[in-house]
Amino acid sequence: MLTASMTLDPAFRIAPVHRRTFGSFVEHMGRCVYTGIYEPGHPTADADGFRRDVADLVRELGVTTVRYPGGNFVSGYRWEDGVGPKDRRPVRRDLAWHSTETNQFGLDEFIRWARTLGIEPMMALNLGTRGLQEAVDLLEYANHPGGTHLSDLRVANGSPEPHGIRMWCLGNELDGPWQTGHKTAREYGRLAAETAAAMRASDPGLELVACGSSNSAMPTFGAWEAEVLELAYDSVDYISLHAYYQEHDGDLASFLASTADMDHFIESVVATADAVRARLKRTKRIQLSFDEWNVWYQSRFHDAGPPADWPIAPRVIEDRYNVADAVVVGNMLISLLRHGDRVTAASQAQLVNVIAPIMTEPGGPAWRQTIFHPFALTAATAAGQVLRVEPDAPLQETARYGEVPVIDAVATHDPDNDQAAVFVVNRSTTEQVALGIDLRGLDAHGVADCRTLSDDDAYAANTAEAPDRVVPRPNRDIRLQDGRLTVVLPPVSWTVIRLALATEPA
Ligand code: AHR
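For the sequence shown, the UniProt record's numbering begins at 1 and goes up steadily by one.
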């Protein structure tokens, strides 16, 4: 058994736990919307056609924000197609995913669904085939109280109250040659700045996200962020990041170390944004919106190629997740929390069926994939302040990232509720780790709960027939004595420990 140690100290605060860290993403892609969140005629559907079984799982997942309606889809989307009487909405081809879009679900349905679940909407704009005018039109339709053409149209369409959408993404992945309306950084930076200025003229309180790079391997990564921010620094609040990871060629050790790349990506974007800040002599800091992140077996998707027959809601990138995938997802949440001084919003991509924690069958059940569990438990447990921890752990050699510590962890401290929590992964592919945690600075008087997600088979997954094959289980291999905690972490595992703290005497 390997050994590792770390210390928790309430003085080592990084940032508050931002609730927007636990965001998700609904794109008109595959079966995320149709037969995902929306399926009129399903036995659990409500009067609006929203699946109640899915809604219950979304609630349990603890999702706080949802980005909508894309993704690559948004770069060819006309939002007007998705509002008004459903029998008059046009059916169109979606160039991004080679599908047929029926437009039976659109903005007003999305807002109704999100509000019912207490979810904050985060709206993406089409800056691919469209531009500034359509963006301000959509803003008027969505947020203006009434008395103008477009706001009155919303009222006539059955939404008397303004939608009050605060967060807006200025396009999607426009650095990518695959994107409809792909642009140079200069073209995009100008468009983002102009669109942002026009939107702010209507509502200065909006929070606006400029597109960063589609991933850190893009040839323009770094230069794109710098040029876009040079042009749009004063007009935007956020720059976006997207990252997907997968196991390549059976290299589990590298896959488990994926956050080595994620950490580096985040820190590089922070450095780039701050360099522009220095050059422009500004005091404002740009925040990071990690608005697409997940495990995605992209190689399988590219091998399949686009469908030739323009199907409606086809099964696209419905990855089935295993234990190792869940450990990486838990580790990605650790990375996002650890960077909470700059990453203040994030969206796991996507929510249902499409690379998703929740799966459904049309007319049938909904169930939790393995990756559901670390997300739900982190969202439910992380509270108060994020604490920096520096594990002292053995190193594991990886082909992609060199030597990485087998342990990665973050902690949170919520003094108002006398609670603290530790989130930790064991990235060793073979060895248990006995982790010692010095808690003397926290006055912990007990372990309220300790749960570990692991399995003898790192590739075990959940299915419709066996939906609970992989779930986090109580970890009883944990001791707390004299402020020192020891817990045994199985190989390829994710663990959450909830600590009960002594209340200060009055
Ligand atoms: O989430 C799937 C796709 O991945 C999104 O549409 C796009 O933005 C990204 O490349």
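For glycine and all other residues, C-beta sits at the position ideal for the given N, C-alpha and C.
- Rounded to the nearest angstrom, the gap between the Cα atoms of Val328 and Arg342 is 21 angstroms.
- Here the C-alpha atom of Val236 lies approximately 7 angstroms from the C-alpha atom of Glu207.
- Remark: the shortest separation between the CB of Tyr244 and any heavy atom of ligand 1 falls under 8 angstroms.
- The beta carbon of Glu173 sits closer than 8 angstroms to at least one heavy atom of ligand 1.
- Judged by beta-carbon spacing, Met1 lies beyond the 9 angstroms limit of Ile407, meaning their Cβ atoms are not closer than that value.
- Scanning His98, Pro357, Ala383, Pro405 for the CA closest to the CA of Ala313 turns up His98.
- The region 37-53 makes no contact with the region 313-326; the number of CB pairs closer than 8 angstroms stays below 3.
- Taking the Cβ of Gln369 as the reference point, every heavy atom of ligand 1 lies at 8 angstroms or farther away.
- By the Cβ-count criterion, Lys183 is buried, with 16 or more other Cβ atoms from all chains shown falling within 10 Å of its own Cβ.
- The three-state reading of DSSP puts Arg67 in strand, counting E and B together.
- If you draw a straight line from the Cα of Asn417 to the Cα of His28, it is about 40 angstroms long.
- Where Leu2 is concerned, the enclosing beta strand (DSSP E) starts and stops at 2-7.
- A Cβ-Cβ contact shorter than 9 angstroms links Phe221 with Ser268.
- In this structure, Leu387 sits away from His445, with a CB-CB distance that is not shorter than 9 angstroms.
- In this structure, the beta-carbon distance from Pro121 to His163 falls below 9 angstroms.
- According to the DSSP secondary-structure assignment, Phe290 is paired through a beta bridge with Ala346.
- For Gly402, the number of other beta carbons within 10 angstroms of its own is below 16, and it is reported as exposed.
- A distance of 9 angstroms or more separates the beta carbons of Asn353 and Gly71.
- For Leu387, there is no enclosing alpha helix (DSSP H); the enclosing beta strand (DSSP E) covers residues 385-387.
- Of all alpha-carbon atoms in Arg451, Glu465, Thr452, Arg469, the one lying nearest the alpha-carbon of Tyr459 is that of Arg469.
- Excluding five sequence positions before and after His264, the CB atoms of its chain that fall closer than 8 angstroms to its own CB belong to Ser216, given in chain order.
- Counting every other CB atom within 10 Å of its CB across the protein chains shown gives Glu361 a total below 16, marking it as exposed.
- The beta carbon of Val236 sits no closer than 8 angstroms to any heavy atom of ligand 1.
- Excluding five sequence positions before and after Thr272, the CB atoms of its chain that fall closer than 8 angstroms to its own CB belong to Gly222, Glu225, Ala226, Leu229, given in chain order.
- Taking the CA atoms as reference points, Ile239 sits about 24 angstroms from Thr378.
- When distances are taken from the beta-carbon of Gly62 to the heavy atoms of ligand 1, even the shortest one reaches 8 angstroms or more.
- Under the three-state reduction of DSSP output, Asp482 falls in the coil class, being neither helix nor strand.
- Considering only Thr398, Ala275, Asn126, the residue with the shortest C-alpha distance to Leu256 is Thr398.
- At a cut-off of 8 angstroms, the beta-carbon of Met29 counts as near ligand 1: some heavy atom of the ligand is closer than that.
- Here the alpha carbons of Val410 and Gly441 stand approximately 16 angstroms from one another.
- The three-state secondary structure of Pro405, taken from DSSP, is strand.
- Segment contact: the region 143-159 against the region 116-135, fewer than three CB-CB distances shorter than 8 angstroms; contact not assigned.
- Taking non-hydrogen atoms of ligand 1 into account, the C-beta of Ile437 is found less than 8 angstroms away from none of them.
- Taking non-hydrogen atoms of ligand 1 into account, the C-beta of Gly70 is found less than 8 angstroms away from one of them.
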